[in-house]
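A.B. asks:
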Amino acid sequence: MAHQWRGVIREYFDRLDVDSNTTIITLGEGGTPLVAAPALAKLVGADEVYLKVEGMNPTGSFKDRGMTMAVSKAVTQGAKAVICASTGNTSASAAAYAAAAGIQSVVLVPEGKIALGKLAQAVAHKAQILQVQGNFDDCLDLARDLSDNYAVHLVNSVNPDRIEGQKTGAFEVFEFLDRAPDIHVLPVGNAGNYSAYFKGYKEDIQAGRIKHLPQMWGYQADGSAPFVYGTPVKNPDTIATAIRIGNPASYDLALVACEESQGRFGAVKDPDILWMHRFLSQEVGVFVEPSSATGAAGLLQASRTGDNLAGKTIVVTVTGNGLKDAAWALKDENGDEIKPQVVSKQADEVAERLGLA
Ligand SMILES: *Cc1c(COP(=O)(O)O)cnc(C)c1O
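Mapped onto my numbering, the consecutive letters of the sequence shown carry residue numbers 846 to 1202.
1) Count the other CB atoms, across all protein chains shown, that sit within 10 Å of the CB of T904; report buried if there are 16 or more and exposed otherwise.
2) Taking C-alpha atoms, which residue in T867, L1031, D982 and C984 lies nearest to L1145?
3) Quick one: any contact between the region 1037–1055 and the region 1090–1101, if contact means 3 or more CB pairs under 8 Å?
4) Does the pairing of the region 1118–1132 with the region 1047–1054 give three or more beta-carbon distances under 8 Å?
5) By a C-beta neighbour count over all protein chains shown, 10 Å radius and 16 as the cutoff for buried, is R910 buried or exposed?
6) In this structure, what does DSSP give as the bridge partners for K1176?
7) Can the beta-carbon of T867 be found less than 8 Å from the beta-carbon of S917?
8) Going by beta-carbon coordinates alone, are V954 and G933 separated by less than 8 Å?
9) For a quick check, are the C-beta atoms of A1174 and S1136 less than 8 Å apart?
10) For L999 and D982, what's the separation of their Cα atoms in angstroms?
11) Check the DSSP bridge columns for R1109 and list the partner residues they point to.
12) If you follow the beta strand (DSSP E) that T1076 is part of, which residue opens it and which one closes it?
13) Which residues are close to ligand 1, meaning CB closer than 6 Å to any heavy atom, in chain order?
14) Under the three-state reduction of DSSP, which class applies to Y942: helix, strand or coil?
15) Measuring straight from C-alpha to C-alpha, what distance separates A940 and K1176?
16) Can you grab the Cα-Cα spacing for the pair V1160 / D1027, in whole Å?
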């Protein structure tokens, strides 16, 4: 009989901080495909590159892996409402899981800086949405303040339950590959996911499943790259809204992960992120949101600036679905709007237009 994926808590029950008293709130998250990307491997000169396609999660981003844990814990502890600050995907996820749990969700988003698809998700799932006059970092301060002083449960990645759930991404990579990759590449905003994969791989080592840690490579947008500059960025600026974060919540955790895995942080420019966003759609067949292309853009930059990736097996987490921020796909490399041509109903004319005649 076919086995249906039961969500990360049930699939990894023994490896997560849950027990038989935990009320499990799941939408079937996790179990996402690891897709071979030969065109990307060729481009960067690596042996094998795989994309961990996190846009296949129930709300279209990896946030669901952590949210199933955070909301399950909140409900188990009797919470009636959850709150988060968000650049968009955390709010979409929190709103969906709160809906599934039958509790209220409150989301704080930076004014005017949230992609339409993500806002639509939060609205659809009936979150109470407030646009805060400030950036993401201000929203997070406010969410922490409210959860410290009022009866709302914080579900941002400063909540360790989030990282705990997200570490399952690393477990799945091992299960698909039957070994650890040499390098694992991710886009980095708050660095929660970067830290979570590291935690997952470390637990795989401790359990004897893998022998070595992959190098953890984290890439930021260059207008929003505190890990590269070594100091918080006051007014982070990038088109990659999901990683537009100047003061990463998991800064210290991520530094340890980088050092212990002999990894690195790097920064890529917005045009290079958009170039890779297009490459992944056109040459690999995986449509991601621009932020999600940042890891692969960093990998290309590394190979262009002298890293020899020959013989390496590389996994790149692509974090979110392209439909969330679809406007970028409808622009060409010059930023001009792409519109389908209008044609008549005559087959011969259409054939000519398509170059078939
Ligand atoms: C949240 C998010 C990120 C950044 O993840 P962090 O854990 O904050 O580093 C990257 N891409 C997408 C699509 C996201 O939703």
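No residue lacks a Cβ here, since even glycine has one placed at the ideal position from N, Cα and C.
Just so we're clear, the structure is a prediction, and the values are computed from it rather than from any experiment.
C.D. replies: Looking at the coordinates:
1) Result: buried.
2) L1031
3) yes
4) no
5) buried
6) E1182
7) yes
8) yes
9) No.
10) 15 Å
11) Note: R1109 sits in a beta bridge opposite W1062.
12) Run containing T1076: none; DSSP gives neither H nor E here.
13) This criterion selects S906, K908, N934, S1002, P1032, V1033, G1034, N1035, A1036, G1037, N1038, Y1039, A1087, I1088, E1134, S1136, S1137, T1164 and G1165.
14) helix
15) 30 Å
16) Taking the straight line joining both Cα atoms gives about 8 Å.
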